[in-house]
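The next block holds one structure in the form of structure tokens; read it before the comments.
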Amino acid sequence: MIIQSHKINNIEIAEVISDKILIQNPDDALDLIGNLYYQGFDKIIIYEKNLTPDFFDLKNKMAGEILQKVSNYRMKLTIIGDFSNLKSKSLNDFIYESNKGSQVNFKESLLEALK
-1 MIIQSHKINN IEIAEVISDK ILIQNPDDAL DLIGNLYYQG FDKIIIYEKN LTPDFFDLKN
59 KMAGEILQKV SNYRMKLTII GDFSNLKSKS LNDFIYESNK GSQVNFKESL LEALK
């Protein structure tokens, strides 16, 4: 895992880069969030491929648990991926509503995430 640091308008952003699934469960998310929080980051960018597919199954409530942990640390999270082919209406609605706020966003590219 590589943490690429970006700084925009005095906001410290951690881009998490890996070829592996880094978050298999809420405890993995808490470890990553806590680690980055204590390193002074304000925002986390992670890629869809680094999250277990279970994250995107809203029935198991994993996404909610993880997003609550992000909120508890007062960090912002952006997940980068191609979400255009999702078949779940509830997941599409979740992404749409998340993108209306500033705590958690779903973007298609690093450039969009850094804006």
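Heads up: the sequence shown begins at -1 in the numbering used here, then just goes up one per residue. Note that beta-carbon positions come from the ideal geometry of N, C-alpha and C, so glycine has one too. Treat the numbers as computed from the prediction; the structure is a model and nothing was measured.
- Contact between I64 and F81 does not hold, since the beta-carbon distance rounds to 16 Å and is not under 8 Å.
- As for any alpha helix (DSSP H) of minimum length 4 sitting wholly inside the stretch 2 to 67, the runs are 24 to 36, ordered along the chain.
- Out of V14, K85, K59, T76, the CA that lies nearest to the CA of E106 is found in T76.
- Boundaries of the alpha helix (DSSP H) around N97: 87 to 98.
- Burial state of M(-1) is exposed, judged by a 10 Å Cβ sphere holding fewer than 16 other Cβ atoms.
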